[in-house]
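In this note's numbering, each number is its position in the sequence shown, counted from 1, plus 16.
Virtual Cβ for every residue (Gly too), placed ideally from N, Cα, C.
Since the model is a prediction, treat every value here as computed from it, not as a measurement.
In what follows, a single structure is set out as C-alpha cells and then discussed.
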Amino acid sequence: MTIYERIKLARNIVSKKLRADIKSLREEQGYDVTKLEENFDDIEKYRFKCVIGTLFSMLSNQKEATNYEDILRQLLGMQAYVLFTFEKAINSIIKPISNLKSDDLSKESWKL
17 MTIYERIKLA RNIVSKKLRA DIKSLREEQG YDVTKLEENF DDIEKYRFKC VIGTLFSMLS
77 NQKEATNYED ILRQLLGMQA YVLFTFEKAI NSIIKPISNL KSDDLSKESW KL
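Below is the structure:
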C-alpha cells in the first residue's frame, strides 16, 4: 500500500468515525445534530488535520508513540490500528535515511 493510499484510507476512517459519532449523538443520546451535519466537511477536515498533525509530531519526536496511539484511539476509535501500522511504515523509511544523514562515513562517501 502506497503512502497516498494510506493517507486516503486515514481520511476515510476519519469520515466514517465522524459519521458514527454524529449518528450516536442523534439516535442514542437524542441530540439535535443538524449543525454538525451542516458543518460535516469542516469538522472532518479538522479531525483529519489533527490525525496528520499528531503523526508528524510523533515522527519529529515531539510526542511519544503511546501518546500518539492514545490520541488516535480517541479520534478514530478501534479503526486507529490501521494508522499505527502507517506510522510504523513511515518510521521504517525515515530512520535509515536519518541514520545515513548523520553518519560521517556516509557523508564522506557522498563527497566522492
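Alpha-carbon to alpha-carbon, residue j and residue i
i	j	result
V49	P112	47 Å
A81	G46	36 Å
Reduced DSSP category for residue i - H, G, I as helix; E, B as strand; rest coil
i	result
Q90	helix
Q9	The displayed coordinates of the chain run from 17 to 128. Any statement about residue 9 would go beyond what the structure contains.
N115	helix
Of the residues the options, the one placed nearest residue i, counting alpha carbons only
i	options	result
E60	L116, L92 and N83	L92
L71	A105, N115 and E43	A105
Rounded Cβ spacing between residue i and residue j (contact assumed at less than 8 Å)
i	j	result
L52	I38	5 Å
V67	L99	7 Å
9 Å Cβ cutoff met for residue i and residue j
i	j	result
R63	K32	no
M94	N83	no
Any C-beta of chain D under 9 Å from that of residue i
i	result
I109	In the structure shown, chain D cannot be found, because there is only a single protein chain.
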